[in-house]
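There are 2 protein chains.
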Amino acid sequence: KEDQQLFKLTAEDIMISSEKVAHVQLNNPLEHALLILVTSGYSAVPVLDSKYRFKGIIGKSSILNEIMGLERFEIENLTTTTVEAAMQTDVPCLPKSADLLTCLKALIDHSFICLVDDKNYFDGIVTRRAVLEQLNQFFHV
Amino acid sequence: KEDQQLFKLTAEDIMISSEKVAHVQLNNPLEHALLILVTSGYSAVPVLDSKYRFKGIIGKSSILNEIMGLERFEIENLTTTTVEAAMQTDVPCLPKSADLLTCLKALIDHSFICLVDDKNYFDGIVTRRAVLEQLNQFFHV
Ligand SMILES: Nc1ncnc2c1ncn2[C@@H]1O[C@@H]2COP(=O)(O)O[C@H]3[C@@H](O)[C@H](n4cnc5c(N)ncnc54)O[C@@H]3COP(=O)(O)O[C@H]2[C@H]1O
Ligand SMILES: Nc1ncnc2c1ncn2[C@@H]1O[C@@H]2COP(=O)(O)O[C@H]3[C@@H](O)[C@H](n4cnc5c(N)ncnc54)O[C@@H]3COP(=O)(O)O[C@H]2[C@H]1O
Chain W
706 KEDQQLFKLT AEDIMISSEK VAHVQLNNPL EHALLILVTS GYSAVPVLDS KYRFKGIIGK
766 SSILNEIMGL ERFEIENLTT TTVEAAMQTD VPCLPKSADL LTCLKALIDH SFICLVDDKN
826 YFDGIVTRRA VLEQLNQFFH V
Chain R
706 KEDQQLFKLT AEDIMISSEK VAHVQLNNPL EHALLILVTS GYSAVPVLDS KYRFKGIIGK
766 SSILNEIMGL ERFEIENLTT TTVEAAMQTD VPCLPKSADL LTCLKALIDH SFICLVDDKN
826 YFDGIVTRRA VLEQLNQFFH V
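So the protein lines, in turn, are chains W and R.
Numbering-wise (the numbering used here), the first sequence opens with residue 706 and increments by one.
Numbering-wise (the numbering used here), the second sequence opens with residue 706 and increments by one.
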């Protein structure tokens, strides 16, 4: 039955692997992160260190919060603030062996989940779109 | 069986109704839309006309594209450009009577779907989060 197919899938089967994921480095200035976000069109992307370990995520929301001062735009913050200072770190991660239902549960409150190995090296991301696509196929057979 | 419960749900059962949805008006300057997006934290929100009819959606991505000039930030565009000039209009809508599987299919490529009646009056939105939450409950019984 289809049930078996769906439950056998893992994050690795539906993930966007690391080389295809737009990301930034910890010590990049915010200006660089904003450029990556605007050219890719993504709301948020992972932040990695120089050894490719996962550190957090940075989005347009956090960058806008940094530059919208009370009176005016503080554009100079884009060159003086680093990604490390503005990123979110309290985000869940999963191993790429996680099953689809574990991914589904984690994606209720997050647009994407980062996949890391036991030494925190970055493997890729699983997105809401990928899980919704599998569920759509499951119900429409 | 649970199957029956899931398939009986409609968009109206899981939607965020219009009075709880952050939105902007067609003729607002972009500066106003940016303020709503930054204070609410949302990536994008619906655009309505003065009679509460749905017109499109406006997000941080479209606003940033308007103000990031080639050489420098063109902040003045925030006061001179209207929401109508920068919004996306080719987005799908559904009636609030749509069933859950119809919502699931539409949400594969959109973070949220606007719900409108037959005269295009805005009823609310259905989000990926709401559908993922129902599917999570369905599989975890
Ligand atoms: N260039 C594009 N082409 C086609 N569709 C696009 C698109 N950009 C965005 N979308 C659509 O809009 C949804 C929300 O994108 P958002 O950028 O807010 O949020 C994205 C983004 O923050 C991140 N993301 C997705 N793919 C990425 C990648 N290759 N590299 C880095 N981050 C990625 O994961 C979130 C969820 O992605 P998901 O695919 O579930 O959901 C995406 C997708 O359905
Ligand atoms: N203030 C908050 N409190 C708790 N969680 C929050 C939150 N803001 C964002 N999130 C979480 O982040 C996800 C992506 O939000 P985003 O703003 O990119 O994308 C949002 C936003 O553009 C829009 N949206 C959601 N609720 C809205 C509302 N009340 N008014 C206007 N737009 C809304 O629908 C998209 C999808 O929403 P969804 O709930 O599926 O998914 C949300 C939710 O899981």
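We treat Cβ as the ideally placed atom computed from N, Cα and C, and that holds for glycine.
Nearest-angstrom Cα separation, counted from residue j out to residue i
{"i": "W:D828", "j": "R:V726", "result": "36 Å"}
{"i": "R:L740", "j": "W:F844", "result": "40 Å"}
{"i": "W:K760", "j": "R:D822", "result": "45 Å"}
{"i": "R:L731", "j": "W:N732", "result": "40 Å"}
{"i": "W:V836", "j": "W:I780", "result": "38 Å"}
{"i": "W:N770", "j": "W:T786", "result": "12 Å"}
{"i": "R:E838", "j": "R:L809", "result": "12 Å"}
{"i": "R:L775", "j": "R:N782", "result": "14 Å"}
{"i": "W:D718", "j": "R:I818", "result": "27 Å"}
{"i": "W:S722", "j": "W:L820", "result": "9 Å"}
{"i": "W:E724", "j": "W:K765", "result": "22 Å"}
{"i": "R:T807", "j": "W:S816", "result": "20 Å"}
{"i": "W:Q709", "j": "R:Q709", "result": "20 Å"}
{"i": "W:R834", "j": "R:R834", "result": "12 Å"}
Supposed close pair residue i, residue j - CB separation, criterion 8 Å
{"i": "W:S767", "j": "W:A791", "result": "5 Å"}
{"i": "R:K801", "j": "R:A716", "result": "5 Å"}
{"i": "W:V796", "j": "W:V752", "result": "Not confirmed; about 10 Å, so no contact."}
{"i": "W:L711", "j": "R:L840", "result": "About 11 Å; that fails the 8 Å criterion."}
Check whether residue i and residue j have beta carbons under 8 Å apart
{"i": "W:I763", "j": "W:V743", "result": "no"}
{"i": "W:L735", "j": "W:L805", "result": "no"}
{"i": "W:M720", "j": "W:I830", "result": "yes"}
Selected residue, minimal CA-CA separation from residue i, among the options
{"i": "R:R777", "options": "W:V729, W:T784, W:C819", "result": "W:T784"}
{"i": "R:A811", "options": "W:H815, W:Q842, W:D718", "result": "W:Q842"}
{"i": "R:C798", "options": "R:K765, R:Q709, R:T832", "result": "R:T832"}
7 Å Cβ shell around residue i - same chain, five flanking residues per side excluded
{"i": "W:Y747", "result": "A727"}
{"i": "R:R758", "result": "N825, Y826, F827"}
{"i": "R:Y772", "result": "Checking the sequence shown, residue 772 of chain R turns out to be Ile, not Tyr. Result list for R:I772: F778, E779, I780, N782, L783, in chain order."}
{"i": "W:V729", "result": "H737, A738, I741, V750, V752, I763, V788"}
Nonlocal neighbours in the same chain, by C-beta distance under 6 Å from residue i, ignoring five residues either side
{"i": "R:S745", "result": "A727"}
{"i": "R:T794", "result": "G761"}
{"i": "W:A803", "result": "A716"}
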